[in-house]
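Participant: Numbering (the UniProt record's numbering), first residue to last: 1 to 564.
From the three backbone atoms N, C-alpha and C, an ideal C-beta is built for every residue, glycine too.
In this text the structure is predicted, and so the values were computed from the model without any measurement.
1) Tell whether a beta-carbon distance below 9 Å holds between residue 412 and residue 470.
2) Helix, strand or coil: how does DSSP classify residue 87 here?
3) List, from N- to C-terminal side, the alpha helix (DSSP H) runs of 4 residues or more that fit wholly inside the segment 469-529.
4) Can you check whether the CB of residue 536 is closer than 9 Å to the CB of residue 506?
5) With DSSP run on the structure shown, which of helix, strand or coil describes residue 452?
6) So for residue 223, helix, strand or coil by DSSP?
7) Please state the DSSP three-state secondary structure of residue 368.
8) So, at 7 Å on beta carbons, what are the nonlocal neighbours of residue 472 in its own chain, with the 5 sequence-adjacent residues on each side left out?
9) With distance defined between alpha-carbon atoms, name the residue in 172, 197, 159, 397 nearest to residue 182.
10) Helix or strand or just coil, what does DSSP make of residue 270?
11) I need the boundaries of the alpha helix (DSSP H) containing residue 185, first residue and last residue.
12) Let me confirm a value: residue 328 is counted as buried when at least 16 other C-beta atoms fall within 10 Å, else exposed. Which label applies?
13) If you follow the alpha helix (DSSP H) that residue 547 is in, where does it begin and where does it stop?
14) Do residue 81 and residue 308 count as a contact pair if the criterion is CB distance below 9 Å?
15) How would you call residue 214, buried or exposed, if buried means at least 16 neighbouring beta carbons within 10 angstroms?
16) Take residue 207 as the anchor and find which of 60, 439, 477 has the nearest alpha-carbon.
17) Give me, in chain order, the residues of the same chain whose beta-carbon lies closer than 6 Å to that of residue 147; leave out the 5 immediate sequence neighbours on both sides.
18) Whose C-beta lies closer than 6 Å to the C-beta of residue 407 among residues of the same chain, with five residues either side of it excluded?
19) Of all the options 358, 77, 63, 410, which has the alpha carbon lying nearest to the alpha carbon of residue 241?
20) For residue 542, is the classification buried or exposed, using 16 other Cβ atoms within 10 angstroms of its Cβ as the cut-off for buried?
21) Candidates 225, 123, 162, 252: which alpha carbon is nearest residue 239's?
22) State whether the segment 123-136 contacts the segment 194-210, with contact taken as three or more CB pairs (one from each stretch) at a distance under 8 Å.
23) Given a threshold of 16 other Cβ atoms within 10 Å of its Cβ, counted over all protein chains shown, does residue 392 qualify as buried or as exposed?
24) Quick check: what's the CA-CA separation for residue 163 versus residue 87?
25) Here's a check: name, in chain order, each residue in its chain whose Cβ is nearer than 6 Å to the Cβ of residue 549, leaving out the five neighbours to either side.
26) Whose CA, out of 143, 539, 174, lies closest to the CA of residue 501?
27) If you measure between the beta carbons of residue 511 and residue 375, is that distance less than 9 Å?
28) Here's the rule: buried if 16 or more other CB atoms are within 10 angstroms of the residue's CB, otherwise exposed. What is residue 231?
29) Look at residue 532 and residue 405 and say whether their C-beta atoms are less than 9 Å apart.
30) Within 10 angstroms of the Cβ of residue 23, are there 16 or more other Cβ atoms? Answer buried if so, exposed if not.
31) Tell me whether residue 10 sits in a helix, a strand or coil according to DSSP, three-state version.
32) What number of angstroms, rounded off, separates the C-alpha of residue 361 from the C-alpha of residue 145?
33) Can you round the beta-carbon distance between residue 253 and residue 263 to whole angstroms, since I take them to be within the 8 Å contact cut?
34) Can you check which of these residues, 137, 175, 355, is closest to residue 256 by C-alpha distance?
35) Reducing DSSP to helix, strand and coil, say where residue 416 ends up.
36) Using a 10 Å radius around the Cβ and a threshold of 16 neighbouring Cβ atoms, would you call residue 70 buried or exposed?
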């Protein structure tokens, strides 16, 4: 089923002459600093290597903030694990948090981002700041109304939702999960407004502050838990989530105001073609993403029938996975979407080449991470969580889940970029189809594998689902642009596979000749982990340079942009 290659709205086409008459359209709205940020934006219309260097440059700027956020996120999980371990009470909290978080991922970071960023980016480029500001304020009003309705419905339907997500809970855990989910539903409106602000900032060329906002949220969470540790309860976790969401929102709203793009509610206009275009994209994207969000629900629902702590160990493994996923995959995809959105939809060959190279760069970065996590998952989980109430069973179970999740990282990375390309080309039906395939594969594989492998089967099913989704999404995108993406060309694989094999050989040799000092102090264990990470990265980097992988040219171009 092919999607239209036009922009799908009533927005007028902008000629080069008209664009030239609008000097402020791409210069930002806040004077020299914003103009500099916008001038650094690279569109695909330039030579592709320059565009790819621009993508890498913006991703590198985001990685600095994201790294801080992910480190604090791991500290947050380490603190949670040390205080609460892997218990039924914590299972109840994770189910309740998943309910609020699913709504956030669906409305805020899912359908809203997919529909708002392409329309806002084009409005900013074509119409200038005033028109784009009006569009963002109208979107804010619609977002607040929608979130309020979802919160009210969620509070009312919490018992039914918990029964669906965790049918295996005993009455005490069920009651706790219901109460916690009702308390955390306001988290949705906090992070949704923050996500809208992030879309505005990314479209204006500001990537660092949106990337560091989750770090502020995690820091607030950690400080609240430390301050209330003498009165330990899972309710502390719920309140910490709300406080973190508040700081996440406020930081980005303040930065929007600094860039002269303040977010204030405005009455939506019925005859606004751009707003109608955004809403027309929002509904099908929401439908598709609602299917996609069934994946964690499936894991937790089926996990509630397994041994106590199964949901917790899957959650801990997933949180570790979020470090490379957020640091590399998400940062690259967020840099890609505004650039793809400004691309002429009729220049299919140019679009295909950029999308293919963006996917390859993502794989170039994430494949060694997947190999590394699969090889040293036990050591990573031990250094992060093995303390306090976190038992040896929880350590081994989380390690197994992490190694299986790592196998799905390449599929997640590829699918994330391909879906951004689908959003940029305004293909809502394709998005629904991809998420439908993901859910079907995940559900079928989970039911099949959990009978023999328990929680490990659920982790393996998730990895298989994302890999299947990436393959299917690539085929749909190829049909839309009329040309094959040809991501895994033999020549490209021939350059990349040997370095990956060398990396795996190095890690297993290190484990054999210099085993992880499990019984030693924290300093020695950290030293071993840093040696594994640093040595593995050096082996991979050196071997890919010798193999003349083209991705290094884009990295050098990004470094040159940073110095200039």
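Facilitator: Let me spell this out:
1) By the CB criterion at 9 Å, residue 412 and residue 470 fall inside the cutoff.
2) Correct three-state label for residue 87: coil.
3) Taking 4 residues as the minimum length, the alpha helix (DSSP H) runs contained wholly in the segment 469-529 are 490-513, in order along the chain.
4) A contact, by the Cβ cut-off of 9 Å.
5) For residue 452, the three-state secondary structure derived from DSSP is helix.
6) Three-state DSSP puts residue 223 in a helix.
7) The three-state secondary structure of residue 368, taken from DSSP, is helix.
8) The answer, listed in chain order, is 434, 437.
9) Checked all of 172, 197, 159, 397; the closest Cα to residue 182 is 159.
10) Coil.
11) Per DSSP, residue 185 belongs to no alpha helix (DSSP H) and is neither H nor E.
12) When all chains shown are included, residue 328 counts as buried.
13) Where residue 547 is concerned, there is no enclosing alpha helix (DSSP H), given that its DSSP letter is neither H nor E.
14) Cβ distance not < 9 Å, so residue 308 and residue 81 don't count as in contact.
15) With 16 or more neighbouring CB atoms inside 10 Å of its own CB, residue 214 falls in the buried class.
16) Looking at the Cα atoms, 60 is the closest of the given residues.
17) So the qualifying residues of the chain are 188, 189, 192.
18) Only 463 meet the Cβ criterion.
19) Nearest to residue 241 by alpha-carbon distance, out of 358, 77, 63, 410, is 77.
20) That one is exposed.
21) Nearest C-alpha to residue 239: 225.
22) Verdict: yes, contact present.
23) So residue 392 counts as exposed.
24) One C-alpha to the other measures close to 19 Å.
25) By the criterion of a C-beta distance shorter than 6 Å, residue 549 is surrounded in its chain by 495, once the five residues flanking it on both sides are discounted.
26) Nearest C-alpha to residue 501: 539.
27) Closer than 9 Å, so yes.
28) So residue 231 ends up on the exposed side.
29) Cβ distance not < 9 Å, so residue 532 and residue 405 don't count as in contact.
30) Confidence in residue 23 is poor, its pLDDT being 34 and thus under 50, which makes the residue's placement too unreliable to answer from.
31) Any reading at residue 10 must be qualified, since the residue scores a pLDDT of 39, below 50, and its modelled position is unreliable; no value is offered.
32) Spanning the two alpha carbons is a distance of roughly 39 Å.
33) The Cβ separation is near 6 Å, so the contact holds.
34) Residue 137 is the option with its Cα nearest to residue 256.
35) Assignment of residue 416 by DSSP, reduced to helix, strand and coil, places it in the helix class.
36) Counting other Cβ atoms within 10 Å of its Cβ, residue 70 reaches 16 or more and is therefore classed as buried.
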